[in-house]
Amino acid sequence: MNDRTYSHDERDDRARREAQERRLSAPWQTPRGWRYWSAVNNSEVGLWYTATSFIFFLFAGVLALLMRTQLAIPENDFLSATTYNQVFTLHGSVMMFLFGVPIFEAFSIMILPQMLGARDLPFPRLSAYGYWSFLIGGIFVCGSIFFGVAPEGGWFMYPPLTTAYQEGLGADIWLLGLSFIEVASLAAAVELIVGVLKTRPPGMRINLLPLYAWYILVVAVMILFAFPPLIAGDLLFEMERAFDWPFFDPSRGGDPLLWQHLFWIFGHPEVYIIFLPAIALVAMIVPTFARRPIVGYSWVVLAAVGTGFISFGLWAHHMYTTGLPNISLAFFSAASQAVAIPTGVQIFCFLATVMAGRFVRSVPMLFVTGALAIFVLGGLTGVMVAIAPFDFQAHDTYFVVAHLHYVLIGGVLFPVAAGLYYFYPMATGKLLAEKPGYWAFWLMFIGFNVTFLPMHFTGLLGMPRRVFTYAADIGFDGLNLVSTIGAFILAAGVAVLVIEVLRPKGKQPYAKRNPWNAGTLEWLGEMPGKPWGVRSIPLVKGRYPLWDQPHLIRDVDAGRFYLPDAEEGKRETLITTTIDADPIQCLRVPGPTFITLWAALFTGGAFIFATYKWYLAAGTSALLALVTVLVWLWTGTAKIPEKRSKDVGLGVSLPLYASGSTSVGWWAMFITMIGDMSAYASLLFGYFFFWTVHDDFPPDPAAGPGLFWPVVAAALLLGAWVCTLLSRHWNRRDRPLAFTLGLGLGAVLNVAGILALLAGPHLNGLDPTRHVYPATVWVLVLWTTIHLGVGLVMQCYCIARRWAGRMTAEHDIDIRNVTLYWHFMAITSGVTVLVIAGFPLLA
Amino acid sequence: MTRRAQAEPDAQGKPTPGRRESLWPLAMGPLLWVAHFLLSYATAAVWCAKVGGENGSLGGVRLVIGIYTALILSGIAVVIWRGLRKHRFGTATVPHDFDTPADRHRFLGFATVLLGGLSFVATLYVALPVVFIESCR
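Chains A and B, in that order, give the protein sequences. Going by my numbering, the first residue of the first sequence is number 73, and it counts up by one from there. Going by my numbering, the first residue of the second sequence is number 7, and it counts up by one from there.
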């Protein structure tokens, strides 16, 4: 080959590459002007999400300063008792629901796709919908304090305080506003589980998964089992507040302890839901600055998965003083101590990694070190309060306040600050300056300890939590003043951090690529990042591809891997198998739209109007939300591609459409329904809980729903399920008429089943406001029928899709997913009938 | 920075383990722990609420929970043993980070063993109260 042809080839190559980049950038372009807000791409939504949750964090931080100011001196009148109650309730609720959980979703939406070398997560519009819901719900909840109507019952809203002793809208704002946000969390959980399992780069087998992804997988699964019990609890609670159904009213058979159970079945895993993702950041940062792979990868996986499970066996340790039998307390005490094992294991792995590697000083690493030091102290006091007799003494005192802040600030805030410093260049292309970082760290670290270390002693001296003031000369004065001074030092540290983040960096040069010399894929991108994420999706061969594969960046940039081009001008990413990450589909992901914003606005309206008991407006808003979601689904999902498959590079050709258990939509439906089932299980738990606390439940001789109508309903609904199943089969056989008639009959049977199910309690005169038994029966029936109503919409939707030509025998995502939903409907309606009609025969 | 120089020792040796592996065995140990926890809690709670009474004796509940524990622990032992077999497949040792089906297989086995071990210990923890506590009080 002579020189001239060589340079000719090179020129050809460059021209080819530039053409590819042009085609790739067209579909991935971020919308400009006001349309910027229609973006759904993970980098934009992740950024908004992060910024918004930080704003909520700062808001809740200011509330904390107000509290500390009030408590600085005894008998202070800076805040009134009522305002103080609102302030501490919002502080806790906002930190947990609007910062702790969302910040993990925010970070994950932003960095997970990069870490997996994916162009985007599989459901970008769902992420956007989740974000808008979070924003609307958050503003609604936070805004309430400016009108003096904020909730004031503590972040756990215990009845009967909140049902019988507090007037006003506060509790409703808490219940409905936060339920709405929980929906956003469930959406994120679905997105992240499918993301981790299905959008990995080829070659990234399960043993090569970045630890962050392991943690996120565990946490997202935890959300599916932890949040639904709270949603179920919120439902019971709101039915009591709005319609006087006596779930927590002992005079009519209710029991406030049921709320405590449901709240803490959520509340304790919640602590780990916000702690594990923060530790996941540590698991990514430590190897980078130790310049070596993590020591004990499998042990860290053990820690993540083990903590995830055991954290569900701890809930009653918040209820040690409620009079549960000692044997029950002992089980929870044992589990609470067992959870310290996996929690400790991961910390030893991090320490071992640092000791075995070559430690590099940096701001993120400093925050990590501080985090571990603080967290270990919080963990140790955690083991103390896990011991029931100790907790009897410390319960509801400042000792617990100190403990939980050591755990959460050490376990979440410091790692998040480390993550902010570490990932900032990935998001913006620029590094944060070191000096302010050190200042921020030391101010925060010292301020934190000055605030919270004395609280251990304030608590042991007997100062209770949640009091707006205290008498002078009972030994609390000095300690409280020190805590207040510490709080302002901590706040100064946070302020330095915020200023450094917001400081205009226009003149500052972009950071070099992979500025920390990290080993994982999120550092593959250019500085500043391109909207398409990675230039081509690499073939991964190790846990730290940037360290293990010498020419990876060059080859990725040259487009030598998968999907280097977008010939059809569509947004595309790879779908791979769960265990071995073999590519199985080229997924077209949707682009910018405002419909997610509208859907969130209408969904928000349904919740927010209900708070003020404007049921007509709430109903209209819910209906509009349904219509918007249907339009979104109709126009944006299960699109039939113009060709069957496409060449994705490296000689691999992949299908553009997949249905059934290989499609991401099917996975999303399955995961959503698991979450739905755990909410349903919580309602069933309520039924059996009341059975255990009453001598006769169902109360004799009160009427139940009878046997006849529930059994008829079960038969009809079983028929509806079979029809749905058969119509899927007929669709596969390409028999549109049989399909339509089958599904139509299924819909008719469904409606008849719904009516029969309602007929049972209705015709037998069950009055839900009279006693908790009829209320519990009604709530199970309503839950089931509302779900069946959604099932009806799905059945009609599929018929319409088939006739509109948007679903065919081969392209049958819709009916496959709807059938999956109906499997769960068969379980739900069967179990409901068994419980409401069958259990009274046994009891 | 990297220490991955050599190739996997037995990449070409044994036949590749099955492709149809799943994450379920990994969760088996902890799931057995969950089952033990819920069964023990529910049995004791229902007994104390419905049979024993607030100050009554735990009676047969202690024996029943002992039986649960024996059954669950043997279940976890089986999980650990099966995990161990996977972990020991071929000759490669931890950290199981090769880009091969065999190392993926070993990793899943090893993680199963670790989670099984944790579940075993945690089950023992939860079973201990019935050794010391005799009544519902």
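Ideal Cβ positions, reconstructed from N, Cα and C, are used throughout, including at glycine. Just so it is clear, the structure is predicted and the values come from calculations on it, not from any experiment.
If you check the CB distance, F95 (chain B) and H102 (chain B) do not come in under 8 Å. Distance from the CA atom of G565 (chain A) to the CA atom of F179 (chain A), rounded to whole angstroms, is 22 Å.
Considered as a whole, the stretch 841-890 of chain A harbours 844-875 as its complete alpha helix (DSSP H) runs of no fewer than 4 residues, in chain order.
With the rule of 3 Cβ pairs closer than 8 Å, the stretch 506-518 of chain A does not count as touching the stretch 530-542 of chain A. When the five nearest sequence neighbours on each side are left out, the beta carbons in the same chain lying within less than 6 Å of the beta carbon of P103 (chain A) are those of S110, A111, P664, in order along the chain.
Scanning its chain for C-beta atoms nearer than 7 Å, with the 5 sequence neighbours on each side dropped, one finds around F811 (chain A) the residues S799, W802, N803, R874, in chain order. Taken through DSSP and simplified to helix, strand or coil, S28 (chain B) comes out as coil.
Residues of the stretch 396-420 of chain A that bring their beta carbon within less than 9 Å of a beta carbon in chain B comprise L396, P397, N398, I399, S400, L401, A402, F403, F404, S405, A406, A407, Q409, A410, V411, I413, P414, V417, in sequence order. Flagged as an interface residue toward chain A: P135 (chain B), by a C-beta distance shorter than 8 Å. Going by beta carbons, T124 (chain A) and G210 (chain A) fall inside the 8 Å limit. Contact of I82 (chain B) with chain A by beta-carbon distance below 7 Å is absent, the smallest such distance being about 13 Å. Boundaries for I625 (chain A): no beta strand (DSSP E) harbours it, while the alpha helix (DSSP H) harbouring it runs 624-629, taken from the DSSP string.
The beta-carbon distance between A774 (chain A) and H843 (chain A), rounded to whole angstroms, is 7 Å. This is short enough to meet the 8 Å contact definition. Judged by pairs of C-beta atoms under 8 Å, the stretch 764-782 of chain A does not touch the stretch 871-891 of chain A, as fewer than three such pairs exist. Burial check for E177 (chain A): the Cβ neighbour count within 10 Å reaches 16 or more, so the residue is buried. Under the three-state reduction of DSSP, D719 (chain A) is assigned to strand. The three-state secondary structure of P617 (chain A), taken from DSSP, is helix. Pairwise C-beta distances place the stretch 578-587 of chain A in contact with the stretch 490-506 of chain A, as three or more of them are shorter than 8 Å. The contact set of V373 (chain A) on chain B, defined by CB atoms closer than 7 Å, consists of A117 in chain order.
In this structure M456 (chain A) is exposed. Its beta-carbon is surrounded by fewer than 16 other beta-carbon atoms within 10 angstroms.
Counting only runs of at least 4 residues, the stretch 122-189 of chain A fully encloses the following alpha helix (DSSP H) elements, listed from N- to C-terminal order: 153-165, 173-187. L596 (chain A) and F495 (chain A) have their C-alpha atoms roughly 13 Å apart. Against chain A, a Cβ distance below 7 Å from Y47 (chain B) picks out S400, F403. Interface criterion not met: the Cβ of K715 (chain A) is under 8 Å from no Cβ in chain B.
Short of 7 Å from the beta carbon of I303 (chain A), and not among the five residues preceding or following it, lie these beta carbons of its own chain, in chain order: S251, E254, A751. At a cut-off of 8 Å between C-beta atoms, K56 (chain B) counts as an interface residue with respect to chain A. Residue range 780-804 is occupied by the alpha helix (DSSP H) that includes S799 (chain A). If you look at V823 (chain A), you'll find it isn't in any beta strand (DSSP E); it sits in the alpha helix (DSSP H) that goes 808-835. Its Cα nearest to that of A682 (chain A), the residue A:G249 stands out among A:Y893, A:T235, A:R95, A:G249. Taking 8 Å as the upper bound for CB-CB distance, P636 (chain A) and G723 (chain A) are not in contact here, some 13 Å apart. A distance of 8 Å or more separates the beta carbons of L283 (chain A) and M168 (chain A). Taking a beta-carbon distance threshold of 8 Å, S731 (chain A) does not count as an interface residue toward chain B. Within the same chain, A881 come within 6 Å of D806 (chain A) by CB-CB distance, once the 5 residues on both sides are set aside.
Residue-level contact by beta carbon fails for R626 (chain A) and chain B, as no gap is shorter than 8 Å.
Within 8 Å of the CB of S370 (chain A), the CB atoms of chain B belong to V100, P101, H102, F113, F116, A117, L120, in sequence order along the chain. With respect to L138 (chain A), L151 (chain A) sits close: the two C-beta atoms are nearer than 8 Å.
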